[in-house]
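Asks: Can you read through this structure? Questions will come right after.
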Amino acid sequence: NGLAAAAQLNQAYSIAVDEQDLYIADLGNHRIRHVDLRSGLIRTICGSGEQAVPRDGQPALEQPLSGPRSLAIDANYLWVVLREGNSVWKIGRRDGKIYHVAGTGEKGFSGDDGDARLAKLNGPKGITVQPAVAIYIADTENHAIRRVDLQSGRIATTVGSPQGKGGFNGDGDNLTQRLLKRPHGVCLLSNGGLLIGDSENHRLRLAE
Numbered sequence: 152n153g154l155a156a157a158a159q160l161n162q163a164y165s166i167a168v169d170e171q172d173l174y175i176a177d178l179g180n181h182r183i184r185h186v187d188l189r190s191g192l193i194r195t196i197c198g199s200g201e202q203a204v205p206r207d208g209q210p211a212l213e214q215p216l217s218g219p220r221s222l223a224i225d226a227n228y229l230w231v232v233l234r235e236g237n238s239v240w241k242i243g244r245r246d247g248k249i250y251h252v253a254g255t256g257e258k259g260f261s262g263d264d265g266d267a268r269l270a271k272l273n274g275p276k277g278i279t280v281q282p283a284v285a286i287y288i289a290d291t292e293n294h295a296i297r298r299v300d301l302q303s304g305r306i307a308t309t310v311g312s313p314q315g316k317g318g319f320n321g322d323g324d325n326l327t328q329r330l331l332k333r334p335h336g337v338c339l340l341s342n343g344g345l346l347i348g349d350s351e352n353h354r355l356r357l358a359e
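Residue numbers (the working numbering): 152 to 359.
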């Protein structure tokens, strides 16, 4: 903790920002760092420094993290993708606790149309949030974009093969028949479309 300009990070992998706050996925330190953009001070808000999957509903500062790769932010939560932890979590911006959102922590591809916490993800690397509605996860090694409904907590594949098949078979209307190959990022647009970084197809894809 101290001045952000003098702080040391280890493989800072991604950020999330709003008007007053900057959050950093400090991958190599297994921590999430917060910078107050008014004061320039940095502090750890999540991560004990150990590499493991956290426990649900506990103070975020006391919990380990396993591969924090991507962040998204809304008014109430900071959303965190754990690549090596094969799961998604959210940190309460008011209570400072960490909550389980999706993924069992075990690699695999399962769970569509069921509880997202019981689904299997495989090396996810990206996330975007539609506040109070849904999150979209770049489920990288499953070659898919998965959607979690924030009201029901259910998960579904919205882009890419529901069987986890990677490749490229052109563009078209049926999004679950359009193949992706290791998508690394996803961004929700104001019109509801999704921009997808389809990394090994060397393309930026738009899903509407």
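Ideal placement from N, C-alpha and C gives every residue a C-beta, glycine not left out.
The structure presented is a predicted model; accordingly, all values stated were derived computationally and were not measured.
Checking 8 Å against the spacing of the C-beta atoms, do I166 and L222 come in under that value?
Replies: Residue mapping note: residue 166 aligns to position 15 of the sequence shown, counting from 1. Residue mapping note: residue 222 aligns to position 71 of the sequence shown, counting from 1. Yes, Cβ-Cβ distance for I166 and L222 is below 8 Å.
Asks: Compare the Cα-Cα distances from Q214 to each of L340, I278, H294 and I242 and report the closest residue.
Replies: Start at 1 with the first residue of the sequence shown, and residue 214 comes out as number 63. If we check each option's Cα against that of Q214, I242 comes out closest.
Asks: To the nearest whole angstrom, what separates the beta carbons of G259 and H335, a pair I think is in contact under 8 Å?
Replies: Along the sequence shown, read from residue 1 onward, the residue named residue 259 stands at position 108. Along the sequence shown, read from residue 1 onward, the residue named residue 335 stands at position 184. With 8 Å as the limit, G259 and H335 do not qualify as a contact, their Cβ atoms being about 20 Å apart.
Asks: Helix, strand or coil for T279, going by three-state DSSP, please let me know.
Replies: Locating residue 279 in the sequence shown gives position 128, counting from the first residue. Strand at T279.
Asks: Measuring CB to CB, does L331 end up less than 8 Å from G317?
Replies: The residue labelled residue 331 in the question sits at position 180 within the sequence shown. The residue labelled residue 317 in the question sits at position 166 within the sequence shown. In contact: L331 and G317 (Cβ atoms closer than 8 Å).
Asks: Identify the continuous beta strand (DSSP E) that holds K332 and give its terminal residues.
Replies: Against the sequence shown, residue 332 aligns to sequence position 181. Note, K332: premise wrong, no beta strand (DSSP E); not H, not E.
Asks: Please work out which residues of its chain come closer than 7 Å, Cβ to Cβ, to G262, disregarding the five sequence neighbours upstream and downstream, and give them in chain order.
Replies: Along the sequence shown, one-based indexing puts residue 262 at 111. Excluding sequence neighbours, G262 sits near L269, A270, K271 and I306.
Asks: What's the call for G144, buried or exposed, on a 16-neighbour Cβ count within 10 Å?
Replies: Residue 144 falls outside the range modelled here, since the chain spans only 152 to 359, and no answer is possible.
Asks: In three-state DSSP terms, what is A121?
Replies: Examination of residue 121 is not possible in this model, given that the chain is present from 152 through 359 alone.
Asks: For S221, which three-state DSSP category applies?
Replies: Within the sequence shown, numbered from 1, the residue matching residue 221 stands at position 70. The answer is strand: DSSP assigns S221 an E or B state.
Asks: Could you give the first and the last residue of the continuous beta strand (DSSP E) run that contains R305?
Replies: Counted from its first residue, the sequence shown places residue 305 at position 154. Element bounds for R305: R305 to V310.
Asks: Give me the Cβ distance between L345 and V299, rounded to the nearest whole Å; I'm assuming they're in contact under 8 Å.
Replies: Position 194 of the sequence shown holds residue 345. Position 148 of the sequence shown holds residue 299. Actually they are not in contact, since the Cβ atoms of L345 and V299 sit about 14 Å apart, beyond 8 Å.
Asks: Just the Cα atoms here: how many angstroms apart are E235 and A267?
Replies: For this step, residue 235 is matched to residue 84 along the sequence shown. For this step, residue 267 is matched to residue 116 along the sequence shown. Their Cα atoms are separated by approximately 17 Å.
Asks: Have a look at L301, S341, A358 and I347 and flag the residue whose alpha-carbon is nearest the alpha-carbon of L326.
Replies: Looking up residue 326 in the sequence shown gives position 175. Ranking L301, S341, A358 and I347 by Cα distance to L326 puts A358 first.
Asks: Give the DSSP-derived three-state secondary structure of G200 in the structure shown.
Replies: Along the sequence shown, read from residue 1 onward, the residue named residue 200 stands at position 49. Here G200 sits in coil by DSSP.
Asks: In chain order, what are the residue ranges of uninterrupted beta strand (DSSP E) at least 3 long that sit wholly in the region 166–215?
Replies: DSSP runs (the beta strand (DSSP E)) wholly in the region 166–215: 172–177, 182–187 and 192–197.
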